[in-house]
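In terms of this note's numbering, the sequence shown opens at residue 33 and continues consecutively.
Ideal Cβ positions, reconstructed from N, Cα and C, are used throughout, including at glycine.
Below is one structure, written out as structure tokens; comments come after it.
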Amino acid sequence: MLTKQHEILFQAFGGFPHPDADLEQYPTPPDVAVRFLNLASRDIVGKRVVDLGCGTGILTVGTALLGAEVSIGVDMDVGALRIARRNLRLASDVFGDLNVAFVRARVPEFHFRADTVVMNPPFGMRRKGSDRVFLMAAMEGADVVWTLLGRDSDPFVVRLATDMGFRAERVTDLPFTLKRSMRFHRRERMKMVVSVYRLERYRFPSTK
33 MLTKQHEILF QAFGGFPHPD ADLEQYPTPP DVAVRFLNLA SRDIVGKRVV
83 DLGCGTGILT VGTALLGAEV SIGVDMDVGA LRIARRNLRL ASDVFGDLNV
133 AFVRARVPEF HFRADTVVMN PPFGMRRKGS DRVFLMAAME GADVVWTLLG
183 RDSDPFVVRL ATDMGFRAER VTDLPFTLKR SMRFHRRERM KMVVSVYRLE
233 RYRFPSTK
């Protein structure tokens, strides 16, 4: 399990160099990353894990620290990936070599097979439907998906998951504090609540 020591490490990670509001580049707070990944640990340890829209890599690195077989972070932002690789080096200096790779790609165009996807995707607040794009890509590439989404997204998530042959469960809600990072932000901190979802592909009994 990830501990307070890991949370302190995450607090030292670099953030988005030039956060893009349209891409909803809001960093995952260290305490949320730790709680989220610990909830998902049974689907991470010893598994092939992909983090879609990895940003600066906190979830990607976190899955490796938990014991993933391999962790792959995917993002289209060159600047964010540069920071992600720097954050990986910082974690490796503390905990030793980690089996992590970062890939520059647009999520809809990145085709993969993995055991598990973990992600903090865009919530679709700036670009309607962006959350749907990430969820569909995740379910096409993995049998289990753990994701943060806007609070009480149940109807949307359940409907999409069912269409894709998945069952959806809202595991819990987590407090999520956003620090001021965009020019249009008026407050230094904004407190909100996000929901944690686990999606799993239906497995039908063998006819043999």
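In the DSSP output, what is proline 207 paired with across the bridge?
Against the sequence shown, residue 207 aligns to sequence position 175. DSSP lists Val225 as partners of proline 207.
Given aspartate 109 as reference, the closest of Val226, Asp63, Gly85 once Cα atoms are compared
Along the sequence shown, read from residue 1 onward, the residue named residue 109 stands at position 77. Relative to aspartate 109, the option among Val226, Asp63, Gly85 whose CA is nearest is Gly85.
With a CB to CB cut of under 8 Å and the five nearest residues on each side skipped, what residues in its chain are close to tyrosine 234?
The count along the sequence shown starts at 1 and reaches residue 234 at position 202. So the list reads Gly197, Phe198, Arg199, once near-sequence residues are dropped.
Would you tell me roughly how many angstroms separate the C-alpha atoms of asparagine 152 and lysine 223, rounded to the nearest one?
Along the sequence shown, one-based indexing puts residue 152 at 120. Along the sequence shown, one-based indexing puts residue 223 at 191. Going from the Cα of asparagine 152 to the Cα of lysine 223 covers about 17 Å.
Under 7 Å between C-beta atoms of leucine 180 and valine 226
In the sequence shown, residue 180 corresponds to position 148, counting from 1. In the sequence shown, residue 226 corresponds to position 194, counting from 1. Their beta carbons are under 7 Å apart, which means leucine 180 touches valine 226 by this criterion.
Quick check: what's the CA-CA separation for threonine 60 versus leucine 34?
Numbered from its first residue, the sequence shown carries residue 60 at position 28. Numbered from its first residue, the sequence shown carries residue 34 at position 2. Looking at the two C-alpha atoms, the distance is approximately 15 Å.
If we ignore side chains and look at the alpha-carbon of each, how far apart do aspartate 175 and arginine 80 end up?
Working through the sequence shown from its first residue, we reach residue 175 at position 143. Working through the sequence shown from its first residue, we reach residue 80 at position 48. Spanning the two alpha carbons is a distance of roughly 11 Å.
Assign arginine 230 to buried or exposed, taking buried as 16 or more other Cβ atoms, counted over all protein chains shown, within 10 Å of its Cβ.
As a first step, residue 230 is located in the sequence shown; it is residue number 198 there, counting from the start. Burial call: buried.
Identify, in the order they occur along the chain, each residue of the same chain with its Cβ nearer than 7 Å to the Cβ of histidine 217, setting aside the five sequence neighbours on each side.
Sequence index remark: in the sequence shown, residue 217 carries index 185 (1-based). Any reading at histidine 217 is ruled out, since the residue's pLDDT is 49, under 50, leaving its predicted position unreliable.
Per DSSP, what kind of secondary structure is threonine 88 in: helix, strand or coil?
Walking along the sequence shown from the start, residue 88 turns up at place 56. Collapsing the DSSP output to three states places threonine 88 in coil.
Consult DSSP for methionine 33 and reduce its assignment to one of helix, strand or coil.
Start at 1 with the first residue of the sequence shown, and residue 33 comes out as number 1. In this structure, methionine 33 counts as coil in the three-state DSSP scheme.
Along the chain, where does the beta strand (DSSP E) that runs through valine 110 open and close?
As a working note, residue 110 is residue 78 in the sequence shown. No beta strand (DSSP E) contains valine 110, which is instead part of the alpha helix (DSSP H) from 110-127.
What is the DSSP secondary structure of histidine 217, counted as helix, strand or coil?
Along the sequence shown, read from residue 1 onward, the residue named residue 217 stands at position 185. For histidine 217, the predicted model reports a pLDDT of 49, less than 50, meaning its position is unreliable; a value from the coordinates is still stated below. When DSSP states are grouped into helix, strand and coil, histidine 217 belongs to the coil group.
Leaving out the 5 sequence neighbours to the left and right, which residues in its chain are closer than 6 Å to serine 103 when beta-carbon positions are compared?
Against the sequence shown, residue 103 aligns to sequence position 71. Only Val81, Thr92, Thr95, Ala96, Val132 meet the Cβ criterion.
On the DSSP bridge list, what partners appear for glycine 182?
Taking the sequence shown and counting its residues from 1, the one referred to as residue 182 is at position 150. In DSSP, glycine 182 forms a bridge with Val226.
So, for valine 165: in the same chain, excluding its five sequence neighbours on each side, which residues have a beta-carbon less than 6 Å away from its beta-carbon?
Position 133 of the sequence shown, counted from the start, is the residue given in the question as residue 165. Closer than 6 Å at the Cβ level, and outside the excluded window around valine 165, lie Pro140.
Please return the same chain residues whose Cβ sits closer than 8 Å to the Cβ of isoleucine 252, not counting the five positions on each side in sequence.
Because the chain in this structure spans residues 33 to 240, residue 252 falls outside the shown range and cannot be described.
Please report how far the alpha carbon of valine 228 lies from the alpha carbon of aspartate 129, in whole angstroms.
As a working mapping, residue 228 is identified with position 196 in the sequence shown. As a working mapping, residue 129 is identified with position 97 in the sequence shown. Those two C-alpha atoms are separated by around 29 Å.
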